[in-house]
Structure formats: structure tokens, C-alpha cells
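For reference, the structure is listed below as C-alpha cells.
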Amino acid sequence: KNEVEQSPQNLTAQEGEFITINCSYSVGISALHWLQQHPGGGIVSLFMLSSGKKKHGRLIATINIQEKHSSLHITASHPRDSAVYICAVTGQGAQKLVFGQGTRLTINP
Amino acid sequence: DVKVTQSSRYLVKRTGEKVFLECVQDMDHENMFWYRQDPGLGLRLIYFSYDVKMKEKGDIPEGYSVSREKKERFSLILESASTNQTSMYLCASSLRLAGYEQYFGPGTRLTVT
Numbered sequence: 004k005n006e007v008e009q010s011p012q013n014l015t016a017q018e019g020e021f022i023t024i025n026c027s028y029s030v031g032i033s034a035l036h037w038l039q040q041h042p043g044g045g046i047v048s049l050f051m052l053s054s055g056k057k058k059h060g061r062l063i064a065t066i067n068i069q070e071k072h073s074s075l076h077i078t079a080s081h082p083r084d085s086a087v088y089i090c091a092v093t094g095q096g097a098q099k100l101v102f103g104q105g106t107r108l109t110i111n112p
Numbered sequence: 021d022v023k024v025t026q027s028s029r030y031l032v033k034r035t036g037e038k039v040f041l042e043c044v045q046d047m048d049h050e051n052m053f054w055y056r057q058d059p060g061l062g063l064r065l066i067y068f069s070y071d072v073k074m075k076e077k078g079d080i081p082e083g084y085s086v087s088r089e090k091k092e093r094f095s096l097i098l099e100s101a102s103t104n105q106t107s108m109y110l111c112a113s114s115l116r117l118a119g120y121e122q123y124f125g126p127g128t129r130l131t132v133t
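Heads up: the sequence lines are chains A and B, in that order. In this text, residue positions in the first sequence follow my numbering: the first is 4, and each later residue adds one. In this text, residue positions in the second sequence follow my numbering: the first is 21, and each later residue adds one.
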């Protein structure tokens with residue numbers, strides 16, 4: 004079992020829909036990261052959080068430390084949100100990120 | 021804005037060639053990382069460096085080496101490229117190790133024939 008599990012692996016939705024991507028992890032962490040990768044390769048860090056909730060524009064990330072679970076929400080989704088979203092964690096005392104497999108999101112117009 | 025650049029977006033090499041992938045960051049970050057990304061396997065850490073001339077093995081270091089002679093530059097070396105090293109290679113940097121954002125370069129898609 005991977006230390007970081009994401010669901011779903013693939014998600015297709017219509018423009019305007021509310022999107023939720025989930026991430027569960029099995030280790031104690033110091034931080035959880037949400038990353039976005041558009042076709043072509045480049046990865047952008049969306050959020051880094053260790054508790055509570057963060058919001059940036061139409062994106063919201065939440066984390067429940069007790070349940071070892073995080074969600075990434077996208078409100079009013081748009082085709083430009085189509086990308087792979089990757090969850091990653093830094094274990095307590097660890098130096099490295101551990102990555103989930105990614106969720107491929109496609110938003111159709 | 022942090023900028024991480026990689027020397028090539030696409031590279032085609034022959035089996036047995038020595039391959040250099042270069043990464044440069046412009047924000048005086050202490051830490052730099054090399055990952056490879058393969059379908060179904062996600063991102064995997066090859067090596068990282070926490071200071072000039074310092075390096076540590078990641079999860080899949082076999083067949084690779086690295087060099088960090090200057091703080092801003094981190095090189096990944098494939099001593100003798102093999103077809104199973106065909107992959108997307110991503111460089112990243114962060115200010116510190118644990119709990120800091122990593123900033124990624126655009127990636128180099130390497131094909132070994």
C-alpha cells in the first residue's frame with residue numbers, strides 16, 4: 004500500500020461543476036502539498052498546509068490531521084483547470100516528499 | 021518569483037552515451053532535487069542536495085550520479101544511458117528541506133534509443 008493514496012485517479016466533469024480530489028496518507032506528517040501539472044510537464048505548487056484550510060481563488064485545500072486526509076476543491080471549474088493534481092507529504096523528521104499517483108482532471112466545456 | 025530552469029525540454033540519446041541534465045535556480049535555495057516521472061509510477065526521487073558538494077541518494081539512485089559545484093546549479097549524470105532511463109526528468113529546489121515548498125523546473129523528456 005502506498006503511503007499516499009489519491010482518489011479518484013481520473014475525473015471528468017463539465018465546466019462549472021464543483022470538483023473534489025481526495026488524498027489519504029498513512030504516516031505522521033509535517034506538511035502536505037498539493038501540486039498541479041499541466042500537459043507538457045511543468046509542476047506548480049498550489050498549497051502547502053499542515054492544518055486547517057487554505058484558499059486561493061477558486062481552489063480550496065483542507066486537511067484533517069487526525070484522519071490523515073486532505074481534500075482539494077475547485078469551485079466553478081473551467082477547462083483551464085484540466086491538469087494532473089498531485090498530493091505529496093513530508094513525513095515528520097523526513098527530508099523528502101512522498102508523492103501520490105496523481106489525479107487526472109478533465110473539464111469539458 | 022523563483023525560477024528553476026532546465027537545460028533542455030527534449031533530449032534524444034543513444035544507449036551507452038553519457039548524458040548531462042542541468043538545472044539552475046535563481047533564488048539562493050539550499051536544496052535541490054532530481055526526480056523522474058513515469059506513467060503509473062508517479063514522481064520518484066533520484067538524488068537531492070542540501071548544500072554545495074553535498075548529496076544524498078533518493079529512492080532510485082542506481083544508474084545516476086549528481087554534481088553540485090555551485091549553489092545554483094545541480095546536474096544529473098547518466099554515466100551510460102540505457103533504454104529504461106527513458107523518462108521525464110524534473111528538477112526542483114526549496115529554501116530548506118522539510119516543510120518548505122518545492123519549486124519545479126519545466127522538465128526534460130529524455131528518450132534513450
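Note that CB positions come from ideal geometry on N, CA and C, so glycine has one too. Owing to the predicted nature of the structure, the values given are computational and were not obtained by experimental measurement.
- Within the region 62–89 of chain B, those residues whose Cβ lies closer than 9 Å to any Cβ of chain A are, in chain order, Gly62, Leu63, Arg64, Leu65, Phe68, Tyr70, Glu76, Gly78 and Asp79.
- At a cut-off of 7 Å, the C-beta of A/Lys99 has a neighbouring C-beta in chain B.
- From the listed residues B/Lys75, B/Gln57 and B/Pro81, the smallest Cα separation to B/Ser87 is found for B/Lys75.
- Between the alpha carbons of B/Arg93 and A/Leu52 lies a distance of about 28 Å.
- Within chain A, no residue has its beta carbon less than 7 Å from that of B/Tyr30; the closest one is some 10 Å off.
- Residue pairing of B/Ile97 in beta bridges, as defined by DSSP: B/Phe40 and B/Ser85.
- For A/Ile24, none of the residues of chain B pass the 8 Å Cβ criterion, the least Cβ distance being about 15 Å.
- Remark: three or more beta-carbon pairs, one from each stretch, lie closer than 8 Å, so the region 8–24 of chain A and the region 69–87 of chain A are flagged as touching.
- Interface criterion not met: the Cβ of B/Glu50 is under 7 Å from no Cβ in chain A.
- Between the alpha carbons of B/Arg29 and A/Thr23 lies a distance of about 32 Å.
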